[in-house]
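A.B. asks:
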Amino acid sequence: MAADTGAEAVAEVGTERPDDIGRERPHDRGAGSEGSEGGDGVAAPGRGPNRRRLGARLLALGGVLVLHAALPGSAGAAGGPAERRALQGLRLRYGSARQAGLSEQHLEGVADEARRFLGPSPEHPYYAGAVVLAGRGRTIALHRAMGYAVRYADYDGRADRVREFPAAERIAMSEDTVFDLASLTKLFTSVLAVQQMERGRLELEAPVRRYLPEFVGGGKEIITVRQLLTHTSGLRSWAPFYQESTREGRLRLLWSVRPQETPGTVYRYSDLNLIALQLLLERITGRTLDTLLRDEITAPLGMHRTRYSPPLSWRRAIAATEVQRPPWSGLDRGLVWGEVHDENAYALGGVAGHAGVFGTAWDLAVLARALLDGGVYAGKRILRPASVELLFTDYNTAFPGDDHGLGFELYQHWYMGAMATPHSAGHTGFTGTSLVLDPSTDSFLILLGNSVHPVRTWRAGSAPRVAVGNRFARAVPVRTRHGGAAWFSGIQPGASGTLTLPPLGPATAAARLRCAVWWDTVPGEGALHLEASTDGEHWEPLPFSTLRSTGGAPEQWPRGSVSGWSGRVWHRLEAPLTAAWAGREVRLRFRHTATGRYVGRGAYVDVVRVAEPGRLLFAEDRPADADRIEAIGWTRSTD
């Protein structure tokens, strides 16, 4: 937990303490802060600190061309097949689940999960309405709207009672409803910053004061651009800019803020980081942030429904947010509809680095596709591939659990659900928005809800995000080599199950269990175990080794269990039945555990065989043997 969850945070006007369905995060702020709510796995290739330092040094020199050629694993100027297709002008299209390589049953379940939160969650609806969009490759296979974009006219905080618009005046949610994206704005600001690094105008490791001489005092002199982008500046999470009556007063407030800890020694999610980055970008480019957004991202990509300060003509197409009144808000604005929800962004004229961008699910899908394709969409490039790679590279290896690229959060189960992998990147917004990208499956998931409509206190945490993330992860199938079913553990939070073989009688110490396994669990909160017993009651861990189907050296698991992310590939498992088990009747079982509130994609076991020289003791593909397997909590699944 970051340090800003103590007394100081409680003292802030309207601050919300999230009671997420699992790990609490300090991100989810109330008045004046559009915060992002808040192992043993196989590490993602090339994501260690050495690669991070190399990329940082190269970008610090402004050398994007050198960086692009030098980064290990970078695709080079021509890019990979996906990037080449994007450069040919291919665009997103609607298609079926099958065309996207997804399971239709589980994909439909994504919409069902989102719809469930229109009802009591647990007392009030989580949101009045939502739009969910899911895709893989260039196919958008799910795009659904549900509930209302505008439902509530007023809210009485003393009685916790709402006044709804008459039925004829309510506005139903539609697939092209425009949302206040809240802290998803931070992603746009981050992309704009990396663009300036590519052009040699901005250095990642340079002190911010080089570009903003006013950004000094109390230790701010050593804060770097990277620390702003990765929330390691040591600045407090929030400041009440809306209490200042002039822009000069708001800037003075920023200049007066002092780091609470030495920069680089702590992770604390802070809106101030992105507000400072906004001022920096405006200073070095001579353009306002809304102009930069239009010229450098939305116009080139054709994101015509994404912008700051939407015009009045858009109002009926925009989802309403909160009825803002003290004490839950720092301002008394009544129903906020068509204007930015965040009080500080509102005070800054609607254009801020941390909040203020409005957009649609389709436009976010375009941005997702551009990033997954190395910075290009429909033939228009906004970033080079190596720069996109840095957006998704963990710079916060010193702060386990707070993995962060340049602007993007990485590997966060608390809102990504089972979509979280060491490669997954995304962000959330306080109004109820979220975006998750998974390069390992070339998939993306967008959930936009007006969850502060009518009031922010009606909801907390990220339950809908986790639910749709779990279901969408399940929609990306895990296929066996033979194309048939495998044993699947399921992905029920807090559940466990066993897959037990019938009694066997190995005669020698040369007996071996062999099978194929695939696993993805939350590190430290889920695992796949292999165990042995002579009486069926007392079980001991059975050490084993695994070998990736893509090659490499075997990995040893002396404790008889694996956890984390296995790289989304099948592994060959081999477990020797040593002399301790020879000449005895022994039972073997696989046990899956999910002890926390979040889950990964689960575990699969396939083609189980136990043999010793000259004798096959058990073979799952023999019907008589397969019928004797005892499955509790495990099912046969083709995906």
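End of the sequence shown = 1408 in this note's numbering, gap-free, step of one. For each residue, glycine too, the CB sits at the ideal point set by N, CA and C.
1) Where does Y1184 fall in DSSP's three states?
2) Rounding to the nearest angstrom, what Cα-Cα distance links T1364 and A922 in this structure?
3) What runs of the beta strand (DSSP E), each 3 residues or longer, lie entirely inside the stretch 1149 to 1232?
4) Is the separation between the beta-carbon of G1128 and that of T1075 shorter than 8 Å?
5) Within 10 angstroms of the Cβ of L1385, are there 16 or more other Cβ atoms? Answer buried if so, exposed if not.
6) Suppose you measure from the CA of S959 to the CA of L1175; what does that come to, to the nearest Å?
7) Am I right that V994 and L971 are in contact with their C-beta atoms under 8 Å? What's the rounded C-beta distance?
8) What do you get for L1015, buried or exposed, if any count of 16 or more other CB atoms within 10 angstroms of its CB means buried?
9) Which value, in whole angstroms, describes the spacing of the CA atoms of E1112 and G1099?
10) Counting beta carbon pairs with one atom in the stretch 1149 to 1169 and one in the stretch 867 to 884, are three or more of them shorter than 8 Å?
11) Given a cut-off of 8 Å on the beta-carbon distance, is the pair G1018 and L1058 in contact?
12) For E803, which of helix, strand or coil comes out of DSSP?
13) Taking the alpha carbon of G1252 as the point to measure from, which residue in G1107, D1375 and H1340 has its own alpha carbon closest?
14) Counting pairs of beta carbons, one from the stretch 1180 to 1198 and one from the stretch 1064 to 1079, are three or more of them closer than 8 Å?
15) Roughly how far, in whole angstroms, is the beta-carbon of P1272 from the beta-carbon of E1354, given that I think they are within contact range, below 8 Å?
16) Give the C-beta separation of A899 and A910 to the nearest angstrom, bearing in mind that I take them to be a contact with Cβ-Cβ under 8 Å.
17) Are the CB atoms of A1139 and V1145 within a distance shorter than 8 Å?
18) Have a look at the DSSP bridge pairing and note the partners of M1421.
19) Please work out which residues of its chain come closer than 6 Å, Cβ to Cβ, to L1342, disregarding the five sequence neighbours upstream and downstream, and give them in chain order.
20) Opposite Y1146 in the DSSP bridges: which residues?
21) Using a threshold of 8 Å, state whether the C-beta atoms of L961 and L1117 are closer than that.
22) Going by CA-CA distance only, name the one from R1397, M1188, R1094 and L1041 that's closest to L1270.
23) Jot down the residue ranges of each uninterrupted alpha helix (DSSP H) in the stretch 932 to 1008, minimum 4 residues, whole runs only, in chain order.
24) Does S1025 come out as helix, strand or coil in the three-state DSSP assignment?
25) Helix, strand or coil for T908, going by three-state DSSP, please let me know.
26) Leaving out the 5 sequence neighbours to the left and right, which residues in its chain are closer than 8 Å to T1412 when beta-carbon positions are compared?
27) Using a Cβ-Cβ cut-off of 6 Å (strictly less than) and excluding sequence neighbours within five positions of D809, which residues of its own chain qualify?
28) Could you tell me whether the Cβ atoms of H1192 and S1209 are closer together than 8 Å?
29) If I measure Cβ to Cβ from P1028 and keep anything under 8 Å in the same chain, skipping five residues before and after, which residues do I get?
30) To which residues does DSSP link E1300 through a beta bridge?
31) Thinking C-beta only, is R1102 closer than 8 Å to T926?
32) For L1217, which residues from the same chain have a beta carbon less than 6 Å from its beta carbon, with the 5 sequence-adjacent residues on both sides left out?
33) By the DSSP assignment, the alpha helix (DSSP H) with A1285 in it spans what residues?
C.D. replies: According to the structure data:
1) helix
2) 42 Å
3) 1194 to 1198, 1202 to 1207 and 1212 to 1218
4) yes
5) exposed
6) 6 Å
7) 6 Å
8) A quick correction: the sequence has Thr, not Leu, at residue 1015. The residue is exposed, with fewer than 16 neighbouring Cβ atoms inside 10 Å.
9) 7 Å
10) no
11) no
12) Residue placement at E803 is poorly supported in this model, since its pLDDT is 40, which falls under 50; the coordinates are not used for a value here.
13) D1375
14) no
15) 5 Å
16) The Cβ separation is near 17 Å, so there is no contact.
17) yes
18) Any answer about residue 1421 is impossible in this case: the structure gives the chain only from 770 up to 1408.
19) C1284, V1286, F1313 and T1315
20) K1149
21) no
22) R1397
23) 954 to 967 and 994 to 998
24) helix
25) strand
26) This structure cannot speak to residue 1412, because the chain is shown only from 770 to 1408.
27) Residue placement at D809 cannot be trusted, given a pLDDT of 33 that sits under 50; what the coordinates show is reported in the next sentence. Cβ within range, chain order: P1292, S1332 and G1333.
28) yes
29) G987, G988, K989, I992, S1002, G1003 and L1004
30) P1310 and R1358
31) Per the sequence presented here, residue 926 reads as Gly, with Thr not at that position. Cβ atoms of G926 and R1102: not closer than 8 Å.
32) V900, F948, A1130 and T1202
33) Counting along the chain, A1285 falls outside any alpha helix (DSSP H), though it belongs to the beta strand (DSSP E) covering A1280 to D1289.
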